[in-house]
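Worksheet: one structure, shown below.
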Amino acid sequence: MKVVTTFYPSSSVVHSLKCHLTSDRSTEHLVVAKINRLDVFSAQPEGLKHECSVDIWGRVASIKAVASSGSQDNLLLLTDHPDPRIIVLTCQASKDGELSLNGLHTINLEERNARPAEFLQDVVVDASRQVAVASCYAGKLKVIVLEGDKLDIEFDVTLPEFSILSLAFIFSGAGVYALAILHLDFQKKMQLISRDLDIAALELSPAHSLLLPPTTLSTSTFPFTETPPMLITVPPISYPSADPDEDDNAGLSGGVLVVGGRKIQLFEFSSKAWQEKYKGKQKRLESMKKSKEEKVSVRAKEKEREREAKKRKAKAAVSWPWSEVTAWCPITDNGTRYVLGDDYGRLALLSLDRLQDQGLLLLPLGEVSPPTTLTYLGSQMMYLGSHLGDSQLLRIHQSAISTPDSPTLPIPPDVVTIPTTSLVSSGKGKGKTSIGLKKEDGRVVMNKGNFLEVVDTWKNIAPIMDAVLADTDGSGQPDIVTCSGGKNTGSLRVLRNGADFHERAVVEGLPNLTSIFSIRFAYDAVPDSHLLVCDGQETMVFKLNSADSIARVDSSETGFITKATTLAAGNVAKRTKKPGSSTSTYENSQFVVQVSPKRVVLVEYDATLGLHRLVSEWAPEAQGADWNGKEIVLASVNSSQVVLALSGGRVAVLNLTDEAKFKVVGHRDLASEIAAISCSPINPSEPFSRYIAVGLWDPRRVEILTVASSKDYLGRESHIAGGFASLAYTRSGGRTYTVVAFGNRAAVLFWGKGRLQHSPVSVKNVSAASRLFTPWWQSCMIMATLSGLSIGSIHDLDKMHIRTMPLGLDSPRRLAYSPSLKAFGVGCVRTEPGRIGDVELASSSFKVLDDTSFELFGEYKCEGEYEVTALQTLTTNDGDSYWCLGTTRFKADEKEPMEGKIHILTAEPAARASGSPQLRHRTAIDVTGCIYQLALIDGLIAAAINSSVVIFKIEVGQTVVLSRLCAWNHDYLITSLASRGSHLIVGDAISSVSVLMLAPRGESLTTVARDYGPLWPVSVEAWGERGVIGANSDCNLFTFTVQRAEKRDILDRDGLYHVGDLVNKILLGSIHSSEVSQDIDLESKALFFTASGRIGVIVDMGEELSLQMTALQRNLGKVITDVAKTPHTRWRAPAGARGRTDADGAAYGFLDGDLLEQFMNYEQSAPLMARILSGDSEPERLTQQYADIRRVLETLQSMH
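As structure tokens, this is what we get:
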């Protein structure tokens, strides 16, 4: 059975809003909605502070603030198909001030026979925040009326507009509600209408509301695009009149802004006088329609149709020079200013402040991440949430902060602009202004400079289109490299989980060091003052003067041993015994102990001279015949003890007498030579240790010696360590005690989440290390590298490190890694930003980047309309590496691509070494169709081309020849392909999965087994010898196994699981070099990558353990739900194209690792734990003990 866990959660932002979640109205909160999680931040003077998070078992579509019974706000959440629901949440604060979100109401919106809304899955809330309308299904809306924290009324209303593009409540007075509706009619014309909502009658008016008369929007102004236009309600606005005798232009009665076209248009609400006049006309028209004269009746109906199709003139408009509007937010309470953002991250300010004399004003602000949501927080601060780029906290400046001589944003030449100096009033605001523009046409201001400052950034790796695992540094821990972003924020992201090392200083010219020891002026002193540095032959003493100065102390001026290596060194306390007392006390001293192979010395620091002088020493040969031939091989020093490991397996403990002399207080001979020794106290505040840890070579084990009453007692611990050159004990950030292990790679051990954890550190080839603390280097480590000393600090022990390689407008779509060339190959698609409705200029290229610096050293640009659609690396029998590139020609008039090419390219290592930035194109072959995927099988190239799989052979000689061997054409649209040995796994996007076998010489492909169900796979991969794993368009994971039945092979589907996100890539491998548990039947085998930026790990679990964990998941699912009380079995049940039905069963073949790991959140004594372990009946009682379950889950957690 497979266990699905999360390595990196979804990072794409769906929605955000500002609200007050507590009764303290002075504290504002920002709620950020991701695909399956809500994050709550509080606005603080220093920035946004994370307060709490809550998981949602469903896909979040929208979130709004609604009124509550008190002074705080509640949240209204809409989830998307296949489980559309309205969830009302409230915020509660604990005694410690910690916030948490809890569910108040859940309204199920699911309809069995209704058609899901094609364009709009959203919820809108009226100005009183008591009435909400949700759009989930075509021709139907759900109306929810709230009364405080209570759900007052909920009802459905039908409407003839089936293709709704946008909804908005419009101002119509207290207790009166109306909806502005933007929709496509049956002629594909965009119509703006409004309908009254009658709460008392529980209906939406069948006739159009007269508040906003219906009008048809011009297709030239609002061409239909991927992102439909949006409606913004404008409240009534009062303007000071320029002439006291005129009041016709004194204000705006309210209206609706339509944004998302080549122009922004403002439609004003009709006046009461106009409405009365229209009612009179309508009344006369109705009487004419009832006329007995057929001509009069027909003429009346024609007149009515003409009125409905009439294009009403907008109150005001302004050109929109950029791409589709994807987000907007108001920045004033009176509705006069709005920030709009397009899908290339270009933000502009729309102002209605000068509507009466200048019309609508549009002022460019700058370019940032492409927004999916904008939320103004106040004090010129704004939050931008993004799906294609990093989310950002922005500050809007009143004047340009950079590039003051360059245009703020590029504006097409066909858009008329004005300089900022032209924003002057022209008399009473009638007619044309002094610059010759009508105020109805608005003004686009040609700003210069950037007005946006990025204050904070939240990394986002969505959408992940492709990914590889690459061990670029040979550490054994591969990096995850993803194709992420889009539009203007295309990028490669390199992810590695581990501790963060910040280098602070470097001391060069000290190679081949073996040990480092930091010492202080005095025992009670905090900062370190000196370093003892050894190279295996001698010891060097350095004095730490400042951050810029480290001075070497002359060997003739110090009492330290310098002609031999140092095994251990450290400050020790002065031991004294008061008269009449039987116990000793430890006082501050300037003593330092140094241990070398031949002797142990005690030196004292002389503050007057600034030097260390020799006080006493101890040598093994001076202790008698029993010590003859004994050499010190290892040592450890604490505040009052010196523990020596001598040749022959002897352990000796030395103390200092009152006269500052060394005294042997005990020794023991062990049966083996000693590999490691430590006397570090368990309690760091104690000046001595009661235990000595000894590591033995043969047998390889750790033994514990107990020091008590001058007698040694032997115990054991069954932990064996190895593979690292040295260990260093330190603190991370001054708070957490850690142990850092160094060698050819490094790791930090720390206690977290109730268990011992390890995390890799991004440093290599460290031969020695020590903790270091000075006024200028606080809580640092000093390490010996190949070239010298490196000083730095370790932070964020379990942090996900994300390195970004920006590609800008080049959006990466395909990615491959060549270990022999140490390079990444990236297939990119570039779309130049243009104005809405203009033809998009697209191009494609293949780039080769260095795997460390990501420097471009080769690029191949595709010709004309060709685009990179597939990529694979190929290594021939001669060891030569090639890039296999699939390109497809996309023509606007073709329903299905019919032309493609397979290219073979290589990057010569010599050319790369010389810095020549070029690729060598070796050969190409034309194909008929789109090359969706490439795979390698038995040294041949398999290509998924439209409905067929084609096998190609590459022959390398003086020239490279690519020839076609065979083809298999029995599917509809093959978009995914994977290989295992001589088998191919084929994913048909319209049908299901097939397994093919290639003949020994590649002359034919035969079908091994097929699944004929409508599965709609989007990615497939091999699993083991006879298994298949994949994901489909309904956000499910599935598995098949090739089984023998009735003398033929069949594909038996043995796993189906709803992951709740679209999986774009499944990749075999693990995030660590070894992910197989030694004593627990778990193995990390694959990763998956989703459109929302989630990275998951799929762990293979043994059969017996799977049965036990299935029982645990069953019991946990009865105890743990999300805030909407969603049953876990319902959340993970497979979903189909039309949602879920009663016939659909629960998930099978997979376990939810994220749910299983929540078991560790409960202590054994917790009341819920008893219910989890015992179940609801005796057959549900778990057979495993609490400690055994926890150990399994800790192992599982360590794999991601």
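Sequential numbering from 1 applies to the sequence shown in full-length UniProt numbering.
Virtual Cβ for every residue (Gly too), placed ideally from N, Cα, C.
Quick caveat: nothing in here was measured; it's all calculated off a predicted structure.
Next on the checklist: If we require 4 or more residues per run, which alpha helix (DSSP H) segments fall completely within the segment 226 to 302?
Outcome noted: 272 to 289
Checklist entry - Which stretch, first to last residue, makes up the beta strand (DSSP E) that contains LEU809? => result That residue, LEU809, is in no beta strand (DSSP E); it is neither H nor E in DSSP.
Checklist entry - Would you report the Cα separation of LEU727 and LYS764, rounded to the nearest angstrom? => result With a pLDDT of 48 at LEU727, under the threshold of 50, the modelled position of that residue is not reliable, and no figure is offered here.
Next on the checklist: Residues in the same chain with beta-carbon distance under 8 Å from GLN958, minus the five sequence neighbours each way, listed in chain order, please.
Outcome noted: none
Next on the checklist: Quick check on PHE517: buried or exposed, where buried means 16 or more other Cβ atoms within 10 Å of its Cβ?
Outcome noted: buried
Checklist entry - Whose C-alpha, out of TRP751, ILE461 and ALA741, is nearest the C-alpha of VAL766? => result ALA741
Item to check | Extent of the continuous beta strand (DSSP E) to which GLU1157 belongs | outcome: No beta strand (DSSP E) contains GLU1157, which is instead part of the alpha helix (DSSP H) from 1153 to 1157.
Next on the checklist: Across the segment 26 to 33 and the segment 1019 to 1036, are there enough close Cβ pairs to call them in contact, namely three or more that are closer than 8 Å?
Outcome noted: no
Checklist entry - Would you say ALA693 and SER678 are within 7 Å of each other, going by their C-beta atoms? => result yes
Item to check | CB contact check: LEU362 to chain B, cutoff 7 Å | outcome: The question asks about chain B, but that chain is absent: this structure has only one protein chain.
Checklist entry - Alpha carbon to alpha carbon, how far is ARG700 from LEU1196? => result Roughly 27 Å between the two C-alpha positions.
Checklist entry - If we call anything under 7 Å between Cβ atoms a contact, is THR489 one with LEU340? => result no
Next on the checklist: Quick check on DSSP: helix, strand or coil for LEU217?
Outcome noted: strand
Checklist entry - GLN356 to ALA316, Cα distance in whole Å? => result 10 Å
Checklist entry - Where does ASP122 fall in DSSP's three states? => result strand
Checklist entry - Around the C-beta of PRO684, are 16 or more other C-beta atoms found within 10 angstroms, so that it is buried, or is it exposed? => result Exposed, because fewer than 16 other Cβ atoms sit within 10 Å of the Cβ of PRO684.
Item to check | Contact set for residue 1202: own chain, Cβ-Cβ below 6 Å, skip 5 residues either direction | outcome: The displayed coordinates of the chain run from 1 to 1200. Any statement about residue 1202 would go beyond what the structure contains.
Checklist entry - Would you say TYR137 and GLU111 are within 7 Å of each other, going by their C-beta atoms? => result yes
Item to check | Exposed unless 16 or more other CB atoms sit within 10 angstroms - verdict on ASP554 | outcome: exposed
Next on the checklist: Just to confirm the assignment, what range does the alpha helix (DSSP H) spanning TYR1186 have?
Outcome noted: Per DSSP, TYR1186 belongs to the alpha helix (DSSP H) from 1186 to 1198.
Checklist entry - Nearest to ASN497 by alpha carbon, out of HIS983, LYS799 and THR887? => result LYS799
Checklist entry - When DSSP labels each residue in this structure, what does ILE1080 get in the three-state scheme? => result coil
Item to check | Nearest residue (CA-CA) to LEU1151, options MET190, LYS281 and ASP1100 | outcome: ASP1100
Next on the checklist: Looking only at its chain, what residues have a beta carbon closer than 7 Å to the beta carbon of GLY431, apart from the 5 residues adjacent to it on each side?
Outcome noted: Low confidence applies to GLY431: its pLDDT is 42, below 50, so where it sits in the model is not reliable, and the reading given next is rough at best. Hits under 7 Å: none found.
Next on the checklist: Run through the DSSP bridge pairs and tell me what VAL868 is partnered with.
Outcome noted: THR887
Item to check | Within 7 Å, strictly: CB atoms of SER640 and ALA573 | outcome: yes
Checklist entry - On the three-state DSSP scale, how would you describe GLU1103? => result Correct three-state label for GLU1103: helix.
Item to check | Same chain, Cβ closer than 6 Å to LEU786, neighbours up to 5 away in sequence not counted | outcome: ASN765
Item to check | ASP626, DSSP secondary structure in three states | outcome: helix
Item to check | Beta-carbon proximity of ALA65 to CYS19, cut-off 7 Å | outcome: yes
Item to check | Assigned secondary structure, ALA1111 (DSSP; H/G/I helix, E/B strand, else coil) | outcome: DSSP places ALA1111 within a helical segment (H, G or I) once states are collapsed to three.
Checklist entry - Since LYS64 sits in a beta bridge, which residues does DSSP pair it with? => result LEU76
Next on the checklist: Is the separation between the beta-carbon of THR576 and that of ASP669 shorter than 7 Å?
Outcome noted: no
Item to check | Straight-line gap, LEU973 to LYS1125 (C-alpha atoms, nearest Å) | outcome: 40 Å
Checklist entry - Are at least three pairs of beta-carbons, each pair with one atom in the segment 554 to 569 and one in the segment 584 to 591, less than 8 Å apart? => result no
Checklist entry - Taking Cβ positions, are SER881 and SER818 nearer each other than 7 Å? => result yes
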